[in-house]
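Novice:
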Amino acid sequence: MTAPILVIGIGNPSRGDDALGPLCIERLAALNLPGVELLTDFQLQVEYALDLSGREQVVFVDAAVSGPAPYAFRPVGPATGLAHTSHAISPEAVLAACERVGVTPPKSTWIMAIRGYGFELGQALSPGAKDNLEAALLRLVNMLAAQ
Amino acid sequence: MTEPGKHFSSPSGKGSEPPLRRVAIDPISRVEGHGKVTLLLDDQDRVQQARLHIVEFRGFEKFIQGRPYWEVPVMVQRLCGICPVSHHLAAAKAMDQIIGAHVLTPTAEKLRRLMHYGQILQSHALHFFHLSSPDLLFGFDSDVARRNIVGVAQAYPDVAKKGVLLRKFGQEVIRVTAGKRVHGTSAVPGGVNKNLSRDEREYLLKDAYQAIAWGREAVALARQLFEQDLALYEAFGSFAAHSLTLVGPDGAMDLYHGGLRARSLQGETLFDHLAYENYGDFITEEVKAWSYMKFPYFNAWGPEAGWYRVGPLSRVTQCDFIPTPFADHARRDFLAFHDGGAARATLGTHWARMIELLHAAETIKDLLHDDDLLGDDLLVKGERQARGVGVIEAPRGTLIHDYTVNEDDLVERCNLIVSTTHNNQAMNESIRVVARQHLDGRQLTEGLLNHIEVAIRAFDPCLSCATHALGKMPLAVELVDASGQIVDTLESRSV
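Same order as they appear, the protein sequences are chains A and B. Just so we're aligned, residue 13 is where the first sequence starts under the working numbering, counting upward by one. Just so we're aligned, residue 184 is where the second sequence starts under the working numbering, counting upward by one.
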C-alpha cells in the first residue's frame with residue numbers, strides 16, 4: 013500500500029553541500045516514521061510524477077545555492093516552464109508532469125530548500141550546511157510526526 | 184548567489200583569427216552549472232563565433248585518482264544524474280581490461296547490454312517527449328506560455344503520457360538489472376554480480392511489446408514533424424560534420440561494444456573497426472583558454488578542421504544496418520527521406536533518436552527472451568594489466584573511460600571523454616548557424632534565445648552535471664562586438 017507521505021531527497025553526495033538532500037533522507041530513514049516513504053536521487057526526473065500519485069503530502073528536500081538560512085520551507089505548485097536541458101527538472105515541473113500522465117497530484121506539496129554554500133566535487137559538507145541540516149530535520153520531523 | 188564577474192582579456196593572439204576579443208567567465212559561474220552562450224561579432228556585426236560555456240566534469244578525473252579500481256564503476260555514477268548507467272558500464276568495461284577479463288560470460292555480457300539498452304530507452308524518451316516535444320509540436324516561435332509540458336498535456340495528452348511511461352519502463356529495466364533504482368552495483372570488473380530471475384524477466388516482458396509499439400509511433404511522429412515544416416527542419420542549425428561512432432564487427436549499430444568508425448563529412452573513412460584502446464593515436468583533445476571543456480579533433484585533419492559529431496545522428500547514418508527489423512526499416516526510411524535531407528539536418532537528430540529508442544525497445548525484448556540472462560556463470564578473470572579503456576555509446580554519443588591502475592590497485596590516472604566533449608565544437612557551430620540566421624542587428628531577442636535553446640536541445644549537452652541545486656540560473660546569452668564590449672545580454676525565463 014502506498015504511504016500517504018513521500019519525502020524525496022535530491023542531490024549528489026559527492027558534491028559538497030549538494031549532499032544535503034540525500035543526507036536528510038538518511039537521517040529520516042533511521043527514525044522509521046510510520047506512513048512515510050523516503051526516496052533519494054541525484055536529480056528529479058519526469059517519472060517521479062508516478063511516485064506522487066494519490067499521496068496526501070509530498071516534500072522535496074534539496075540544497076539551495078541562494079536564499080535564507082537555515083532553510084526555506086514553502087508550498088509548491090505546478091509550473092509551466094521549459095528547460096534547455098533534460099538533465100534535471102524542478103519540483104514544479106514534476107507536479108506539472110502529473111497532469112501529463114493523468115496522475116492525481118498530492119493534496120499538498122512542499123519544498124524544503126536547505127541552504128548550502130559549497131558544491132565542488134569531493135568537498136565535505138560545510139559546517140554551515142551541517143547546522144542548517146539539523147534545523148531542517150527538526151522542522152521536518154515535527155511535521156511528519158504530527159501527521 | 185551574486186552574479187559572476189565578467190573580465191575582458193586581450194585578443195587571442197593567433198595571427199590567422201579575425202580581430203575578435205574574448206570574454207572570460209568567472210569560475211564561479213562555471214561551478215553553478217548553468218548554460219551560457221557568448222556570441223562574438225565581427226566588425227560587420229555578423230556572428231563570427233558562438234561559444235557555449237559548459238561546466239562538464241571539471242575535477243572528476245582528480246577525484247577518482249587514488250581510489251581502488253573495483254570502486255570506480257560505482258563511484259562514476261556520481262558524474263551524472265541522467266546517464267549514470269553509461270558511466271557505470273564504461274568504467275566496468277575499462278576495469279574488465281584491468282583484471283584481464285577480455286571476454287565476459289554470455290550471461291554477464293547480455294545483462295549489461297540489457298541494462299544499457301534500458302538506459303538508452305529511458306534517456307531518449309525523456310529527451311524527445313519531455314524536453315523537445317513542446318518545441319516540435321507547437322513550433323519554435325509559438326507562445327512560450329503554451330510551449331511547455333503542460334501545453335503538451337493539454338493538446339497532446341496521449342503523446343505526453345506515452346513519453347513518461349516509456350521512460351518508466353526503461354527505468355524499470357535498469358532497476359531490475361542494476362539491483363536498485365539509483366546507483367546500481369551490478370556491473371563489476373569481470374562481469375556482473377547478479378543475474379535475472381524468471382519472475383523479473385516476466386515482469387519486464389509484460390511491457391516490452393507495448394514499448395516497441397510506442398517506439399514505432401514515436402518514429403512516425405518524429406517523421407511527421409519533420410515533414411510538416413521541411414524547409415525549416417532541414418536548414419535549422421544544420422552544418423556538415425565529420426562523425427565518430429562505435430560499430431559492431433559486421434558494421435551493425437552496436438551501442439554497447441564494438442570498434443570505432445570515423446568518417447569525414449564527405450563520407451571518406453578515416454579509420455574503421457579501430458580497437459578503442461588506441462583512440463589516443465587518432466584523437467587529440469585541444470585546450471582553449473575560454474573553456475574548461477576540451478575540444479577533441481581527429482589528428483589527421485588537425486584542430487581547425489578535424490572536429491566531429493557523435494550521437495544519434497552519427498550513429499544512425501554511419502552504421503551499415505541496425506540489427507532489429509523495425510528500427511532498420513526506420514533507418515532506411517530516414518536515410519532516403521528527401522534525398523538525405525533529414526540525415527544531414529541538426530533537427531534530424533530527433534528523428535534519429537527515436538529510431539534508436541525503437542531499436543532499444545526491440546533489443547530489450549529480444550534479450551528478455553534469451554535464457555542466458557538466467558545463467559549463474561557471472562564472472563571471469565585473466566591476467567592483470569595496468570591500463571584499461573572502456574568505450575560505450577551513451578545516449579548522447581561516444582563515451583570514453585581510460586584508467587591506469589598501479590600495483591597497489593589504486594587508480595593513478597584517469598581520462599574521460601564524454602559525449603558532450605566530443606560534440607563541443609559541433610554544438611558551437613550549430614548555435615553559430617542559428618544566430619547568424621536569426622540575429623538582427625546588435626540586440627538579443629526572446630526569439631533568438633528560443634532558437635538557440637532549440638539548437639542546444641537537439642544535442643542535450645551535460646550542462647548541469649556539476650550540481651543541480653535549487654536556485655540555479657537557466658540559459659544566458661551575451662553578445663560581444665568586435666571591440667570586445669558586451670553590447671547585450673539576455674537570460675531565459677524558463678525553468
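Ideal placement from N, C-alpha and C gives every residue a C-beta, glycine not left out.
Suppose you measure from the CA of B/K245 to the CA of B/I575; what does that come to, to the nearest Å?
Specialist: Counting from one through the second sequence, the residue named residue 245 of chain B turns up at place 62. Counting from one through the second sequence, the residue named residue 575 of chain B turns up at place 392. Answer to the nearest angstrom: the Cα atoms are 22 Å apart.
Novice: Rounded to whole angstroms, what's the CA-CA distance from B/F311 to B/D516? Just pull it up for me.
Specialist: As a first step, residue 311 of chain B must be located in the second sequence, where it is residue number 128. As a first step, residue 516 of chain B must be located in the second sequence, where it is residue number 333. Pairing B/F311 with B/D516, the inter-Cα distance amounts to about 19 Å.
Novice: Identify every residue that forms a DSSP beta bridge with A/Q69.
Specialist: Numbered from its first residue, the first sequence carries residue 69 of chain A at position 57. A/Q69 is bridged to A/I17, A/S120.
Novice: Touch check for the segment 631-645 of chain B and the segment 506-522 of chain B: three-plus C-beta pairs under 8 Å?
Specialist: no
Novice: Out of B/T290, B/A424, B/S316, B/L427, which one is the CA nearest neighbour of B/L379?
Specialist: Here residue 379 of chain B refers to the residue found at position 196 of the second sequence. Nearest C-alpha to B/L379: B/T290.
Novice: Rounding to the nearest angstrom, what Cα-Cα distance links B/D437 and B/F509 in this structure?
Specialist: Numbered from 1 along the second sequence, position 254 holds the residue referred to as residue 437 of chain B. Numbered from 1 along the second sequence, position 326 holds the residue referred to as residue 509 of chain B. If I take the Cα positions, the gap works out to 16 Å.
Novice: Taking the straight line between their C-alpha atoms, what separation do you get for B/A277 and B/N598?
Specialist: Numbered from its first residue, the second sequence carries residue 277 of chain B at position 94. Numbered from its first residue, the second sequence carries residue 598 of chain B at position 415. Going from the Cα of B/A277 to the Cα of B/N598 covers about 11 Å.
Novice: In chain order, what residues of the same chain lie with their CB nearer than 8 Å to the CB of A/S138, ignoring the 5 residues before and after it?
Specialist: Here residue 138 of chain A corresponds to residue number 126 of the first sequence, with the count starting at 1. Correct list, in chain order: G28, D29, G128, Y129, G130.
Novice: Using a Cβ-Cβ distance cut-off of 8 Å, determine whether B/V365 contacts chain A.
Specialist: Locating residue 365 of chain B in the second sequence gives position 182, where the first residue counts as 1. Output row for B/V365: interface = yes.
Novice: For B/V470, is the classification buried or exposed, using 16 other Cβ atoms within 10 angstroms of its Cβ as the cut-off for buried?
Specialist: Position 287 of the second sequence, counted from the first residue, corresponds to residue 470 of chain B. It is exposed - the Cβ of B/V470 has fewer than 16 other Cβ atoms within 10 Å.
Novice: So, for B/L223: in the same chain, excluding its five sequence neighbours on each side, which residues have a beta-carbon less than 6 Å away from its beta-carbon?
Specialist: As a working mapping, residue 223 of chain B is identified with position 40 in the second sequence. Only L203, Q231, Q232, V663 meet the Cβ criterion.
Novice: Taking just the CA atoms, how far does A/L50 sit from A/A160?
Specialist: Since the displayed chain A opens at 13 and closes at 159, residue 160 of chain A lies outside it and no answer follows.
Novice: Put B/G442 into one of helix, strand or coil per three-state DSSP.
Specialist: Start at 1 with the first residue of the second sequence, and residue 442 of chain B comes out as number 259. Strand.
Novice: Under the assumption that B/L314 contacts B/D671 (Cβ atoms under 8 Å), give the Cβ distance between them as a whole number of angstroms.
Specialist: The residue labelled residue 314 of chain B in the question sits at position 131 within the second sequence. The residue labelled residue 671 of chain B in the question sits at position 488 within the second sequence. With a Cβ gap of about 27 Å, B/L314 and B/D671 do not count as contacting.
Novice: Check whether the Cβ atoms of B/K293 and B/L550 sit closer than 8 Å, and answer yes or no.
Specialist: Residue 293 of chain B sits at position 110 when you count from the first residue of the second sequence. Residue 550 of chain B sits at position 367 when you count from the first residue of the second sequence. A contact, by the Cβ cut-off of 8 Å.
Novice: Can you pull the chain A neighbours of B/F323, defined as C-beta to C-beta under 9 Å?
Specialist: Within the second sequence, numbered from 1, the residue matching residue 323 of chain B stands at position 140. Those within 9 Å of B/F323 in chain A number zero; the least Cβ separation is about 11 Å.
Novice: What residues are listed by DSSP as bridge partners for B/E469?
Specialist: On the second sequence, residue 469 of chain B is found 286 positions in, with the first residue counted as 1. Per DSSP, B/F478.
Novice: Identify the contact partners of B/G242 in chain A, using a Cβ-Cβ distance below 9 Å as the criterion.
Specialist: Taking the first residue of the second sequence as position 1, residue 242 of chain B is located at position 59. Going along chain A in sequence order, the residues near B/G242 (Cβ under 9 Å) are E132, L133, G134.
Novice: Against A/A61, what residues of chain B qualify as contacts under a CB-to-CB distance less than 9 Å, listed in chain order?
Specialist: Residue 61 of chain A sits at position 49 when you count from the first residue of the first sequence. Residues of chain B passing the Cβ test: V347.
Novice: Which bits of chain B does A/S138 rub up against, with CB to CB less than 7 Å?
Specialist: For the purposes of this step, residue 138 of chain A is taken as residue 126 along the first sequence, with counting starting at 1. Within chain B, no C-beta atom comes less than 7 Å from the C-beta of A/S138; the nearest is roughly 13 Å away.
Novice: Going by CA-CA distance only, name the one from A/P16, A/P25, A/I123 that's closest to A/G79.
Specialist: Here the question's residue 79 of chain A lines up with position 67 in the first sequence. The closest CA to that of A/G79, considering only A/P16, A/P25, A/I123, is found on A/I123.
Novice: By the criterion of Cβ-Cβ separation under 8 Å, what are the contact partners of B/I547 in chain A?
Specialist: Position 364 of the second sequence, counted from the first residue, corresponds to residue 547 of chain B. Those within 8 Å of B/I547 in chain A number zero; the least Cβ separation is about 17 Å.
Novice: Given B/M258, which residues of its chain have a CB within under 7 Å of its CB, disregarding the five upstream and five downstream residues?
Specialist: For the purposes of this step, residue 258 of chain B is taken as the residue at position 75 of the second sequence. Excluding residues within five positions, the ones whose Cβ falls inside 7 Å are I247, R250.
Novice: Distance, Cα to Cα, B/N606 vs B/A641?
Specialist: Position 423 of the second sequence, counted from the start, is the residue given in the question as residue 606 of chain B. Position 458 of the second sequence, counted from the start, is the residue given in the question as residue 641 of chain B. Looking at the two C-alpha atoms, the distance is approximately 11 Å.
Novice: Would you list, in chain order, the members of the segment 79-90 of chain A that have their beta-carbon closer than 8 Å to a beta-carbon of chain B?
Specialist: Identification of residues in the segment 79-90 of chain A having a C-beta nearer than 8 Å to some C-beta of chain B yields G79, P90, given in sequence order.
Novice: Give the C-beta separation of B/A577 and B/S369 to the nearest angstrom, bearing in mind that I take them to be a contact with Cβ-Cβ under 8 Å.
Specialist: Translated into the one-based positions of the second sequence, residue 577 of chain B becomes position 394. Translated into the one-based positions of the second sequence, residue 369 of chain B becomes position 186. Not a contact, Cβ separation roughly 18 Å.
Novice: Using a Cβ-Cβ cut-off of 7 Å (strictly less than) and excluding sequence neighbours within five positions of B/T546, which residues of its own chain qualify?
Specialist: Here the question's residue 546 of chain B lines up with position 363 in the second sequence. Here the set comprises Y300, T507.
Novice: Pick from B/A435, B/T581, B/D560, B/Y462: whose alpha carbon is nearest that of B/C266?
Specialist: Translated into the one-based positions of the second sequence, residue 266 of chain B becomes position 83. Closest option to B/C266, Cα to Cα, is B/T581.
Novice: Please identify, using Cβ separations under 8 Å, the residues of the segment 613-626 of chain B that lie next to chain A, in order along the chain.
Specialist: none
Novice: Spatial neighbours of B/Q407 within its chain, please: C-beta separation below 8 Å, excluding the five flanking residues on both sides.
Specialist: Position 224 of the second sequence, counted from the start, is the residue given in the question as residue 407 of chain B. Around B/Q407: no qualifying Cβ.
Novice: Tell me the DSSP secondary structure of B/H310 in three-state form.
Specialist: Indexing the second sequence from 1 puts residue 310 of chain B at position 127. Reduced to three states, the DSSP call for B/H310 is helix.
Novice: How big is the Cα-Cα spacing for B/L387 and B/T221?
Specialist: Start at 1 with the first residue of the second sequence, and residue 387 of chain B comes out as number 204. Start at 1 with the first residue of the second sequence, and residue 221 of chain B comes out as number 38. Approximately 46 Å, taken between the alpha carbons.
Novice: Could you work out which residue in B/V660, B/L496, B/I505 is closest to B/D433 when comparing CA atoms only?
Specialist: Stepping through the second sequence from its first residue, residue 433 of chain B is reached at position 250. Comparing Cα-Cα distances from B/D433 to each of B/V660, B/L496, B/I505, the minimum goes to B/I505.
Novice: For B/F246, which residues in chain A fall below 8 Å Cβ to Cβ?
Specialist: Reading the second sequence from its first residue, position 63 is the one you call residue 246 of chain B. The answer, in chain order, is S26, L133, G134.
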